[in-house]
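Just add 30 to the spot in the sequence shown (first one is 1) and you have the numbering used here.
Heads up, the thing below is written out as structure tokens.
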Amino acid sequence: MTDTNFQEFERYQDVLGQMIFLKTYTHIALGFQPTSSVAVITRELENAARRLVETFPWIGGHVVRQGKGPGKTGLAAIIHYPPGERPTPVIVKDVTGLCPSMQAIMSAGVPMAVLDGDVLAVRKGLPDGYDETDEPAPVLVIQANIIDGGLILAFQGNHNVVDMNGLGQIIRLYAKALCGEPFSDVEVEQGNRDRRHIIKLLGPDDVKVDISKYLVKPPATNPSQANQLQPDLQWVYLHFSGPKLAELKAVASSPSEGYHDVAAADWVSTDDALSAFLCQRITAARMKRMEKKTQAIFCRAVNGRRFLEPPLTKEYMGHMVTCNYTTVSLDSAAATSDISALARRMRSDLLNIQSLEIQSIATALNESDDKGTISYGAPLDLSSWDLIFSSFAGLGLNQTNFGMVLGGSPLFSKRPRFTPLESLMYFMPRTSEGDIDIACCLRAVDIQALREDEQFLKYGRCVG
């Protein structure tokens, strides 16, 4: 493959997106009840996609590994499809025999069980990766799944190229295209911005943050583990209504009884409160079946745009995720009972994120030939007490108008069900009523413990 294949899209090759664990797809599926025919829907979806790709050409490309070789994982690089091979990112698929009707889905509360990723998407999400040598790995797939009484529009973004905030921006732009609205100058400028120097890389004499915790360690060899039964892992949705979230935030905002941390923040967000509550109730459930270790690590994926110097706007679509770690003693009240203490700790840890740490990670990643040696998951033991979660609550997708052909705003915005990965959670986009659903992967025994947990049931419920 010649260098000219890479030159046009070379400007979109950022640094953080090169992590090998990101060699997968990030997903969100939106439900609609359009009244138009499939032919009309298909035409409008394809026309909007053409306009999107005309303005942001890199979205229509696919990802290859540039410079891959012995000891080198190569760089994720975007190139064009051959002329005429893939006119738009849109795929239309009739799944009426494979998926429940829209009425049945909505009546059930849109549980995880009805959102089969193998049906609704052609690309898999974490923990599964992709192999671009088997077939091209598109930057974007927009899969229109026709079901009885509705449409499920599954957006699939290449995670080496976009994070969920970037995919959310693509979706909002696509909605504009469907409505015939112009893209703003800021949207076009930031969407096509050169990504190579967004993060200022550090030189050998510059001060750096110690990033040793991000270095991937060789897996421990324990012969007895090979014979152990694999746990029964399940994906479920947990539901929290707007009023209950307000109650939860009020509790988390109240003074912490018997706990004082001078470093803790005075104000907490709804995300802080919900994060703390979920981590505590899952930890309490795990205590019923596991011996206590010294501590648990709660890892929060964070939009790094506002922490850079200078900060980036929400219109920037490149990969800019960093992670924040709150370490809690399992013997402390913050681990299972004091919501205020944990929520304030999480907020304080979030506010302590520095641009220098992001720069240090990016510099080490840029200097490494093997992009698999650095990972945000390296400090975690997800089969034990640790948890990792990411929030899409603020994407605003449920309030976005997708035009008359699709019937306006979506009925739901949720991640489909993919291969289980224990201890992984996603906060779904907030509904117009202020509700938030959590996609949560846990052991079946822990899910059952949540269903029976009076503290959990006081604020939330398991949709399944």
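All C-beta atoms in this analysis are idealised placements derived from N, C-alpha and C, irrespective of residue type, glycine included.
Please identify the residue among the options whose C-alpha is closest to the C-alpha of residue i.
i, options, result
"F337", "E217, R202 and C353", "C353"
"L145", "I135, R225 and R153", "I135"
"A469", "G426, G159 and F419", "F419"
"T356", "L183, L372 and D164", "L372"
"G272", "P261, G99 and D301", "D301"
"L128", "A106, V120 and A151", "A151"
"R447", "A174, F86, F51 and I58", "I58"
"I388", "C309, R481, A326 and I229", "I229"
Look up residue i in the DSSP assignment and say whether it is helix, strand or coil.
i, result
"A408", "coil"
"L263", "strand"
"C129", "coil"
"Q384", "coil"
"A138", "coil"
"L425", "helix"
"Q258", "coil"
"S443", "strand"
"I229", "coil"
"K123", "strand"
"V239", "coil"
"T163", "coil"
"F62", "strand"
"F419", "strand"
Using the Cα positions of residue i and residue j, report the straight-line distance between them to the nearest angstrom.
i, j, result
"H110", "G91", "5 Å"
"K401", "I391", "11 Å"
"Q186", "P285", "42 Å"
"R491", "E84", "44 Å"
"L454", "L472", "8 Å"
"Y244", "S370", "29 Å"
"A306", "T324", "18 Å"
"T54", "L156", "6 Å"
"T118", "L259", "44 Å"
"G104", "D193", "20 Å"
"I477", "A315", "8 Å"
"S443", "G61", "7 Å"
My understanding is that residue i touches residue j, with C-beta atoms under 8 Å, so please give their C-beta distance in whole angstroms.
i, j, result
"I466", "L278", "So it is not a contact: roughly 10 Å between Cβ atoms."
"T403", "V246", "6 Å"
"M132", "I177", "6 Å"
"T449", "D124", "Wrong, their Cβ atoms sit about 25 Å apart, outside the cutoff."
"A79", "V120", "5 Å"
DSSP puts residue i in a beta bridge; with which residues?
i, result
"D368", "In the DSSP output, where bridge partners are listed per residue, D368 has none listed."
"H57", "Q186"
"C492", "L268"
"P459", "In the DSSP output, where bridge partners are listed per residue, P459 has none listed."
"C471", "W265"
"G155", "Y55"
"T357", "I327"
"F86", "Answer is none; F86 lacks a bridge partner."
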